[in-house]
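Everything below concerns the one structure shown next.
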Amino acid sequence: GNSVTQMEGPVTLSEEAFLTINCTYTATGYPSLFWYVQYPGEGLQLLLKATKADDKGSNKGFEATYRKETTSFHLEKGSVQVSDSAVYFCALSNNAGNMLTFGGGTRLMVKP
Amino acid sequence: GAVVSQHPSWVICKSGTSVKIECRSLDFQATTMFWYRQFPKQSLMLMATSNEGSKATYEQGVEKDKFLINHASLTLSTLTVTSAHPEDSSFYICSAPEASDPYNEQFFGPGTRLTVL
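Chains S and V supply the protein sequences, listed in that same order.
Position 17 (the first sequence) corresponds to 17 in our numbering; numbering is contiguous.
Position 73 (the second sequence) corresponds to 73 in our numbering; numbering is contiguous.
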């Protein structure tokens, strides 16, 4: 079956530091890959996505590249801000209309 | 992007009562909606898949008589927590993919925090 593994948190960084949150997956076929962000007390928001190998998703300074050879979709940002503090979820989906499989979530704390 | 709403956003109830949570797709049709439960500082656990016009599909370990799901229309799914107890206190989140989206981008509601006293 499908599974997603992401690095455990919390990850604590100083403002303007470089961020990497690792995500690897196991799936059949060619899944679509997503990063979602959850701010305190809120639901999930789509941060970025990639639908095929070597695609790079990007949004708000965050990037992730779909690496089929390493089955990875690591999230990166060159310079984090305090406002980036949230929980980040890596997820995949195989089929249209099918459910998402989530990783365990990584809490990011950015200190001024 | 598409918007999914949930109502209520916060509910406190007494043990033994039933609580209904609504999930609506505001500007698109959703033949399928998903209900998740999230415990503090944990990931989302899929509870069930709600299908318009047919019975919901429940994940293993989720009591279907406890968590009643009704997908009444292409824009509305409801989750009713029956005879709620303190252990049912949690953050409930729904999501819906656009029926026409082949890449299954899902849109999440803001969540409903249920506290059972």
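Where is the CB? At the ideal position from N, CA and C, for every residue including glycine.
So for residue i, helix, strand or coil by DSSP?
i             : result
residue 93(S) : strand
residue 62(V) : coil
residue 22(V) : strand
residue 58(S) : strand
residue 11(S) : strand
residue 40(V) : coil
residue 63(S) : strand
residue 76(S) : strand
residue 73(V) : strand
residue 83(S) : helix
residue 8(V)  : coil
residue 97(V) : strand
Using a C-beta cutoff of 8 Å, does residue i count as contacting chain S?
i              : result
residue 105(V) : yes
residue 26(V)  : no
residue 49(V)  : yes
residue 93(V)  : yes
residue 67(V)  : no
Give the residues of chain S in contact with residue i, contact being defined as C-beta atoms less than 8 Å apart.
i              : result
residue 17(V)  : The premise fails here: residue 17(V) is roughly 24 Å from chain S at the closest Cβ pair, so nothing lies under 8 Å.
residue 109(V) : 43
Identify the contact partners of residue i in chain S, using a Cβ-Cβ distance below 7 Å as the criterion.
i             : result
residue 44(V) : 102
In chain V, which residues lie less than 7 Å from residue i when you measure between Cβ atoms?
i             : result
residue 57(S) : Neighbours of residue 57(S) on chain V: none; closest Cβ ~11 Å, over 7 Å.
Who are the neighbours of residue i on chain V, taking C-beta pairs under 9 Å?
i             : result
residue 62(S) : Residues of chain V passing the Cβ test: none, with the nearest at roughly 16 Å.
residue 46(S) : 1, 105, 106, 107 and 108
Anything in chain S within Cβ reach of residue i, meaning under 9 Å, just list it in chain order.
i             : result
residue 34(V) : 99 and 100
Using beta carbons (cut-off 8 Å, strictly below), is residue i in contact with chain V?
i              : result
residue 73(S)  : no
residue 68(S)  : no
residue 105(S) : yes
residue 111(S) : no
residue 49(S)  : yes
residue 89(S)  : yes
Exercise for the section: For the stretch 20-51 of chain S, list the beta strand (DSSP E) runs that are entirely contained and at least 3 residues long, ordered along the chain. Expected result: Inside the stretch 20-51 of chain S, DSSP marks whole beta strand (DSSP E) runs of 3 or more residues at positions 23-26, 32-38 and 44-50, from first to last along the chain.
Exercise for the section: Could you tell me whether the stretch 57-74 of chain S touches the stretch 14-23 of chain V, using the rule of 3 or more Cβ pairs below 8 Å? Expected result: In short, these stretches do not touch, since the Cβ pair count stays below three.
Exercise for the section: Say whether the stretch 69-78 of chain V touches the stretch 22-30 of chain V, bearing in mind that this needs 3 or more beta-carbon pairs closer than 8 Å, one atom from each stretch. Expected result: Two segments are said to touch when three or more pairs of C-beta atoms, one from each, lie closer than 8 Å; by this definition the stretch 69-78 of chain V touches the stretch 22-30 of chain V.
Exercise for the section: Evaluate contact between the stretch 90-97 of chain V and the stretch 31-41 of chain V, counting only Cβ atoms and requiring at least three cross-stretch pairs below 8 Å. Expected result: By the criterion of at least three beta-carbon pairs nearer than 8 Å, the stretch 90-97 of chain V is in contact with the stretch 31-41 of chain V.
Practice task
Pair every Cβ in the stretch 87-94 of chain S with every Cβ in the stretch 35-52 of chain S, then say whether three or more of these pairs are closer than 8 Å.
Solution key: As far as the Cβ criterion goes, the stretch 87-94 of chain S touches the stretch 35-52 of chain S, which means the pair count is three or higher.
Practice task
Answer yes if the stretch 7-19 of chain S comes into contact with the stretch 43-54 of chain S, meaning at least three C-beta pairs across the two stretches below 8 Å, and no otherwise.
Solution key: The stretch 43-54 of chain S, when compared against the stretch 7-19 of chain S, does not touch it at the 8 Å Cβ threshold.
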